[in-house]
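Novice: First, the structure itself, so that you have it in front of you.
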Amino acid sequence: MLNIVLFGPPGSGKGTQSEKLIEKFGLTHFSTGDMLRAELAAETELGLKAKSIMERGELVSDEIIIGMIRNKISGDSGSKGFIFDGFPRTVAQAEALDDLFDELGMKIDVMMGLEVEEQELINRLLKRGQDQGRADDNLDTIKNRIRVYQEQTAPVMGYYETRGKYRGVNGTGSIDDIFNRLCGILEGL
Ligand code: ADP
């Protein structure tokens, strides 16, 4: 099995690179952002709870997120491996993932962090807002998401670094160049 956490601030390209990694390595994708947007579109109770939180760029509660992950992993235990995108986003989520994986006799092999400067993130997200109309891709929410990332999510890097599992990757350049950097890390594991 190959279990990867793809890490980085909003707009760093996790979704784009996840798609390519999934295709190459046959992994199962876990994007908590996509899962929440699906709940929202289906107007479930969870989706309605998450809506205003996401529109403000704040984090949905650890309890909700961990419950979603637990359900999906349990239904997918035959997979070749998992790629986590947008999760874990707090140290509590990282600890919960380790507990769940311990129970299942699995482990995270590596966390790869896409490193991109703040102004480039803002430019990419504003462009995505224009192209795709995502409700949280407007300047005020983008700035809040980056602040929330720095305060609550960046510490997750230290969690994996302490365990010898963090690898930083330059997240600027062409999509293929960045993908090759990620593949280089995975091939060297
Ligand atoms: P981005 O990484 O571009 O900010 P995502 O699609 O990963 O976007 O997430 C969108 C929103 O969904 C976040 O701003 C947050 O409100 C919520 N969200 C996604 N994943 C998590 C998570 N693991 N924990 C808490 N909230 C989350």
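Per the numbering used here, the very first residue in the sequence shown carries number 7; after that it's consecutive. Beta carbons are placed, not taken as given, at the ideal position from N, Cα and C, and that holds for glycine. Since the structure is predicted, the reported quantities are computational estimates derived from the model, not experimental observations.
Pick from 39, 99, 129, 103: whose alpha carbon is nearest that of residue 146?
Specialist: Working through the sequence shown from its first residue, we reach residue 146 at position 140. When only C-alpha atoms are compared, the closest one is 129.
Novice: Ends of the beta strand (DSSP E) at residue 168?
Specialist: Along the sequence shown, read from residue 1 onward, the residue named residue 168 stands at position 162. Taken as a continuous stretch (DSSP letters only), residue 168 belongs to no beta strand (DSSP E), being part of the alpha helix (DSSP H) at 161 to 168.
Novice: Rounded to whole angstroms, what's the CA-CA distance from residue 161 to residue 51? Just pull it up for me.
Specialist: Locating residue 161 in the sequence shown gives position 155, counting from the first residue. Locating residue 51 in the sequence shown gives position 45, counting from the first residue. One C-alpha to the other measures close to 30 Å.
Novice: Along the chain, where does the alpha helix (DSSP H) that runs through residue 92 open and close?
Specialist: Residue 92 sits at position 86 when you count from the first residue of the sequence shown. Looking at the DSSP string, residue 92 is not in any alpha helix (DSSP H), and its letter there is neither H nor E.
Novice: Only counting the same chain, and skipping five residues up and downstream in sequence, which positions put a Cβ closer than 6 Å to that of residue 53?
Specialist: Within the sequence shown, residue 53 is the residue found at index 47, counting from 1. The residues are 45, 46.
Novice: Could you say if the region 9 to 17 and the region 113 to 128 meet the contact criterion of at least three C-beta pairs nearer than 8 Å?
Specialist: Contact holds: three or more Cβ-Cβ distances are below 8 Å.
Novice: Indicate, with yes or no, if the ligand ADP has a heavy atom lying under 7 Å from the CB of residue 38.
Specialist: Within the sequence shown, residue 38 is the residue found at index 32, counting from 1. At least one heavy atom of the ligand ADP is nearer than 7 Å to the Cβ of residue 38, so yes.
Novice: What I want to know is whether the C-beta of residue 116 ends up closer than 7 Å to one or more non-hydrogen atoms of the ligand ADP.
Specialist: As a position in the sequence shown, residue 116 is number 110, starting the count at 1. No, the beta carbon of residue 116 sits no closer than 7 Å to any heavy atom of the ligand ADP.
Novice: Sorry if obvious, but does the Cβ on residue 73 come closer than 7 Å to a heavy atom of the ligand ADP?
Specialist: As a first step, residue 73 is located in the sequence shown; it is residue number 67 there, counting from the start. Every heavy atom of the ligand ADP is 7 Å or more from the Cβ of residue 73, so no.
Novice: What is the DSSP secondary structure of residue 175, counted as helix, strand or coil?
Specialist: One-based indexing of the sequence shown puts residue 175 at position 169. Correct three-state label for residue 175: strand.
Novice: Give the DSSP-derived three-state secondary structure of residue 65 in the structure shown.
Specialist: Working through the sequence shown from its first residue, we reach residue 65 at position 59. Looking at residue 65 - three-state DSSP - the assignment turns out to be coil, as it is neither helix nor strand.
Novice: To which residues of the same chain is residue 177 closer than 7 Å at the C-beta, ignoring the five residues directly before and after it?
Specialist: Walking along the sequence shown from the start, residue 177 turns up at place 171. Once the five neighbours on either side are set aside, the close Cβ partners of residue 177 are 14, 18, 19, 120, 121, 122, 184.
Novice: Can residue 64 be considered in contact with the ligand ADP, in the sense that its beta carbon sits closer than 7 Å to one or more heavy atoms?
Specialist: Translated into positions along the sequence shown, residue 64 becomes position 58. Yes.
Novice: In its own chain, which residues sit with a C-beta less than 6 Å from the C-beta of residue 159, not counting the 5 before and 5 after it?
Specialist: For the purposes of this step, residue 159 is taken as residue 153 along the sequence shown, with counting starting at 1. 95, listed in sequence order.
Novice: What is the rounded straight-line gap between the Cα of residue 164 and the Cα of residue 155?
Specialist: Locating residue 164 in the sequence shown gives position 158, where the first residue counts as 1. Locating residue 155 in the sequence shown gives position 149, where the first residue counts as 1. Their Cα atoms are separated by approximately 14 Å.
Novice: With the cut-off set at 8 Å, would you say residue 127 and residue 143 are in Cβ contact?
Specialist: The sequence position of residue 127 within the sequence shown is 121, counting from 1. The sequence position of residue 143 within the sequence shown is 137, counting from 1. For residue 127 and residue 143, no; Cβs fall outside 8 Å.
Novice: For residue 119, report the span of its alpha helix (DSSP H) as first-last.
Specialist: For the purposes of this step, residue 119 is taken as residue 113 along the sequence shown, with counting starting at 1. Looking at the DSSP string, residue 119 is not in any alpha helix (DSSP H); the run it does join, the beta strand (DSSP E), is 116 to 121.
Novice: For the region 25 to 35 and the region 54 to 73, state whether three or more C-beta atom pairs, one from each stretch, are separated by less than 8 Å.
Specialist: They do not touch, by the three-pair rule.
Novice: Roughly how many whole angstroms lie between the Cα atoms of residue 186 and residue 9?
Specialist: Mapped onto the sequence shown, residue 186 falls at position 180. Mapped onto the sequence shown, residue 9 falls at position 3. Rounded to whole angstroms, residue 186 to residue 9 spans 18 Å at the Cα level.
Novice: Any chance you could list the beta strand (DSSP E) runs of at least 3 consecutive residues sitting entirely within the region 12 to 76, in chain order?
Specialist: Runs of the beta strand (DSSP E) inside the region 12 to 76: 34 to 37.
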